[in-house]
């Protein structure tokens with residue numbers, strides 16, 4: 003069935019690929035015509051339930067490497083809070099590293115957060131420009147309490163840190179010999195020392211980080227200390243030089259109406275700028291972090307979540323003129339809308355799911371990703387009333403589907419199967435380029451070493467071939 007939306011001056015018809023009567027969506031990869039390059043891979047796993055903050059985030063380097071970050075226990079422990087990154091190289095190999103490095107240049111392997119043992123998940127941002135290898139990681143943590151991060155007195159300026167966590171950030175270069183820190187671990191909001199005050203609340207991720215089309219880095223966190231935006235909890239941004247980590251602009255209120263707005267993730271770079279979606283509005287900036295447009299969410303999409311964004315995601319990439327938003331509408335369909343980021347004009351909206359899928363379950367939080375040519379992968383949680391499974395669908399730049407909805411992971415439970423193993427996938431994050439798609443999630447999967455299901459809240463990823471794959475001058479991309 004086709005659905006027609008008339009949204010002011012915006013009218014779009016969403017068509018769907020044909021599925022034979024013997025096939026019931028979601029399909030397995032093979033039945034959906036999707037090629038798996040790297041099957042489900044558990045990252046940083048443990049034989050115990052891994053708490054509440056193991057939600058992964060992903061990105062794509064300009065050299066073709068796929069990036070993945072998630073929470074990890076400190077080395078040798080089964081409690082506490084740290085993080086690791088994984089790089090899925092173009093030859094199919096995977097490298098794992100600790101997220102933060104101490105001031106002396108060594109990986110920090112201990113506990114990172116004395117304020118919260120299961121805080122919000124870490125973030126990663128990568129330089130997507132051709133050949134790009136720089137990246138940044140961030141996590142809620144208390145680095146000012148550890149000697150490994152105290153070599154230069156940077157925590158002893160006008161702002162007084164207490165026992166609350168901050169959304170700390172570190173900039174790196176990815177090299178053949180491993181990560182090389184460009185900066186020390188810093189506070190992106192108060193770390194410059196130009197704002198006085200005493201920490202009375204937390205700084206959260208919260209927001210997100212993205213490299214821009216000019217190679218610089220924008221970091222937006224949710225600051226509850228009110229030192230930048232006095233009126234309430236607010237999305238606060240700082241623009242950094244992506245090569246050196248020097249501050250270019252900020253901290254500033256990342257909501258263009260200059261009011262306090264909470265945020266959860268929901269930041270995306272586009273060609274020449276970036277978007278920050280906060281409660282009820284989205285602010286479109288140029289690369290200099292100058293406000294170009296402020297748009298009210300309900301004016302350009304039927305996505306119903308206008309809150310801080312827990313159930314909604316925006317996406318774009320540094321070659322795109324559009325920003326997309328993915329979320330549920332009022333009747334529970336998963337809809338994808340796009341807006342022209344240069345003109346702030348609403349463009350198109352489609353229903354992502356097939357009608358039969360809507361009848362068989364409900365849809366939870368999703369994510370979307372765009373490649374260099376504007377092709378799109380959406381992934382979201384499908385629940386049949388028993389358990390969560392991540393499903394996905396790929397669309398061309400014209401928003402026509404490449405095929406039907408499929409289970410994102412090779413290991414899953416079909417909602418209509420005779421027996422249920424107990425597999426769960428949720429809290430999905432997806433990134434793509436014109437070669438590969440990485441989908442990360444957490445939950446319960448198969449431990450291949452034990453041929454049994456894992457403990458809860460494990461982080462894992464699958465890598466798929468982009469069906470719109472283009473030839474590339476990087477010869478090693480053809481190794482598998």
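In the working numbering, the protein residues as written are 3 to 482.
Ideal placement from N, C-alpha and C gives every residue a C-beta, glycine not left out.
### Task
State buried or exposed for residue 361, treating a residue as buried only when at least 16 other CB atoms are found within 10 Å of its CB.
Stepping through the chain shown from its first residue, residue 361 is reached at position 359. So residue 361 counts as exposed.
### Query
What are the partner residues of residue 100, as DSSP defines its beta bridges?
Taking the chain shown and counting its residues from 1, the one referred to as residue 100 is at position 98. Answer is 86.
### Beta-carbon contacts of residue 168 that lie in its chain and below 6 Å, excluding the five residues immediately before and after
Position 166 of the chain shown, counting from 1, holds the residue named residue 168. The residues are 189 and 205.
### Query
Where do the ends of the beta strand (DSSP E) carrying residue 142 lie?
Translated into positions along the chain shown, residue 142 becomes position 140. Where residue 142 is concerned, the enclosing beta strand (DSSP E) stretches over 136 to 143.
#### Entry: Buried versus exposed, by CB contacts within 10 Å (16 or more), residue 106
Position 104 of the chain shown, counted from the start, is the residue given in the question as residue 106. Classification for residue 106: exposed.
### Query
On the premise that residue 268 lies in contact with residue 279, defined as a C-beta separation below 8 Å, what is that separation, rounded to the nearest angstrom?
Taking the first residue of the chain shown as position 1, residue 279 is located at position 277. Taking the first residue of the chain shown as position 1, residue 268 is located at position 266. Indeed they touch by this definition, with Cβ atoms about 4 Å apart.
### Message
Please classify residue 58 as buried or exposed, where buried requires at least 16 neighbouring CB atoms within 10 angstroms.
### Response
Here residue 58 refers to the residue found at position 56 of the chain shown. With 16 or more Cβ atoms within 10 Å of its Cβ, residue 58 is classed as buried.
### Message
Judging by CA-CA distance, which residue of 349, 313, 265 and 254 is the nearest neighbour of residue 301?
### Response
Counting from 1 along the chain shown, the entry for residue 301 is found at position 299. It is 349 whose Cα lies nearest to the Cα of residue 301.
### Query
Does the segment 157 to 168 come close enough to the segment 138 to 148 to have 3 or more Cβ pairs within less than 8 Å?
yes
### Proximal residues to residue 431 (C-beta, below 6 Å), its chain only, five neighbours per side dropped
As a first step, residue 431 is located in the chain shown; it is residue number 429 there, counting from the start. Within the same chain, residue 431 has close Cβ partners 58, 59, 60, 369 and 442.
### Burial state of residue 298 (16 or more Cβ within 10 Å)
To locate residue 298, count along the chain shown from 1; it is residue 296. So residue 298 counts as exposed.
### Task
Report the three-state DSSP secondary structure of residue 358 (helix, strand or coil).
Within the chain shown, residue 358 is the residue found at index 356, counting from 1. Here residue 358 sits in helix by DSSP.
### Task
Compute the Euclidean distance between the alpha carbons of residue 135 and residue 192, then round it to the nearest angstrom.
Position 133 of the chain shown, counted from the start, is the residue given in the question as residue 135. Position 190 of the chain shown, counted from the start, is the residue given in the question as residue 192. Looking at the two C-alpha atoms, the distance is approximately 27 Å.
### Task
If I'm right that residue 396 touches residue 425 with Cβ under 8 Å, what's the distance once you round it to whole angstroms?
As a working note, residue 396 is residue 394 in the chain shown. As a working note, residue 425 is residue 423 in the chain shown. Residue 396 to residue 425, Cβ: 22 Å. No contact.
### Message
Tell me the rounded alpha-carbon separation between residue 234 and residue 322.
### Response
Here residue 234 corresponds to residue number 232 of the chain shown, with the count starting at 1. Here residue 322 corresponds to residue number 320 of the chain shown, with the count starting at 1. Roughly 33 Å between the two C-alpha positions.
### Query
Is the segment 402 to 422 touching the segment 336 to 350, taking contact as three or more C-beta pairs under 8 Å?
no
### Message
Taking CB distances under 9 Å as the criterion, tell me whether residue 295 reaches chain C.
### Response
Absent from the structure: chain C. Only one protein chain is present.
### Query
Hey, how far is the Cα of residue 52 from the Cα of residue 459?
Translated into the one-based positions of the chain shown, residue 52 becomes position 50. Translated into the one-based positions of the chain shown, residue 459 becomes position 457. Answer to the nearest angstrom: the Cα atoms are 5 Å apart.
### Task
Within 10 angstroms of the Cβ of residue 421, are there 16 or more other Cβ atoms? Answer buried if so, exposed if not.
As a first step, residue 421 must be located in the chain shown, where it is residue number 419. Counting Cβ neighbours within 10 Å, residue 421 comes out exposed, since fewer than 16 surround it.
### Message
Given this structure, state the Cα-to-Cα distance separating residue 472 from residue 154, to the nearest angstrom.
### Response
Here residue 472 refers to the residue found at position 470 of the chain shown. Here residue 154 refers to the residue found at position 152 of the chain shown. Spanning the two alpha carbons is a distance of roughly 48 Å.
### Query
In terms of alpha-carbon separation, which member of 240, 251, 79 and 226 lies closest to residue 262?
Residue mapping note: residue 262 aligns to position 260 of the chain shown, counting from 1. Minimum Cα distance to residue 262 is reached at 226.
### Message
For residue 208, report the span of its beta strand (DSSP E) as first-last.
### Response
On the chain shown, residue 208 is found 206 positions in, with the first residue counted as 1. Looking at the DSSP string, the run of the beta strand (DSSP E) that includes residue 208 is 205 to 213.
### Query
Where in the segment 215 to 261 do unbroken runs of the beta strand (DSSP E), each at least 3 residues long, occur, reported from the N-terminal end onward?
219 to 225, 236 to 242 and 249 to 255
### Where residue 158 falls: helix, strand or coil (DSSP)
By 1-based counting over the chain shown, the position of residue 158 is 156. Residue 158: coil per DSSP, three-state reduction.
### Query
For the segment 148 to 204, which segments carrying the beta strand (DSSP E) assignment without a break, of at least 3 residues, lie completely within its bounds, in sequence order?
168 to 177 and 180 to 183
### Query
What separation, rounded to the nearest whole angstrom, lies between the Cα atoms of residue 116 and residue 77?
Mapped onto the chain shown, residue 116 falls at position 114. Mapped onto the chain shown, residue 77 falls at position 75. The alpha-carbon atoms of residue 116 and residue 77 are separated by roughly 16 Å.
### Message
Under 8 Å, with one C-beta from each stretch per pair, do the segment 315 to 332 and the segment 247 to 254 reach the 3-pair mark?
### Response
no
### Message
So for residue 75, helix, strand or coil by DSSP?
### Response
To locate residue 75, count along the chain shown from 1; it is residue 73. Correct three-state label for residue 75: coil.
### Message
Using only the alpha-carbon positions, how far apart do residue 374 and residue 149 sit?
### Response
For the purposes of this step, residue 374 is taken as residue 372 along the chain shown, with counting starting at 1. For the purposes of this step, residue 149 is taken as residue 147 along the chain shown, with counting starting at 1. Approximately 43 Å between the Cα atoms of the pair.
### Query
Whose C-alpha, out of 185, 99, 62 and 41, is nearest the C-alpha of residue 179?
As a working note, residue 179 is residue 177 in the chain shown. That would be 99, whose Cα lies nearest to the Cα of residue 179.
### Query
Does DSSP classify residue 23 as helix, strand or coil?
Here residue 23 is taken as the residue at index 21 of the chain shown, counted from 1. The pLDDT assigned to residue 23 is 37, lower than 50, so where the model puts this residue is not dependable, and the model offers no usable value.
### Query
With which residues is residue 428 paired in a DSSP beta bridge?
For the purposes of this step, residue 428 is taken as residue 426 along the chain shown, with counting starting at 1. Answer is 444.
### Task
Report the rounded CA-to-CA distance for residue 241 versus residue 124, giving the unit in angstroms.
Locating residue 241 in the chain shown gives position 239, counting from the first residue. Locating residue 124 in the chain shown gives position 122, counting from the first residue. Approximately 19 Å between the Cα atoms of the pair.
### Task
Note down the Cα distance separating residue 220 from residue 38, rounded to an integer number of angstroms.
Along the chain shown, one-based indexing puts residue 220 at 218. Along the chain shown, one-based indexing puts residue 38 at 36. Looking at the two C-alpha atoms, the distance is approximately 33 Å.
### Query
Around the Cβ of residue 202, are there at least 16 other Cβ atoms within 10 angstroms (buried) or fewer (exposed)?
As a first step, residue 202 must be located in the chain shown, where it is residue number 200. Under this definition residue 202 is an exposed residue.
### Query
Can residue 96 and residue 40 be called in contact, C-beta distance under 9 Å?
Numbered from 1 along the chain shown, position 94 holds the residue referred to as residue 96. Numbered from 1 along the chain shown, position 38 holds the residue referred to as residue 40. Cβ atoms of residue 96 and residue 40: closer than 9 Å.
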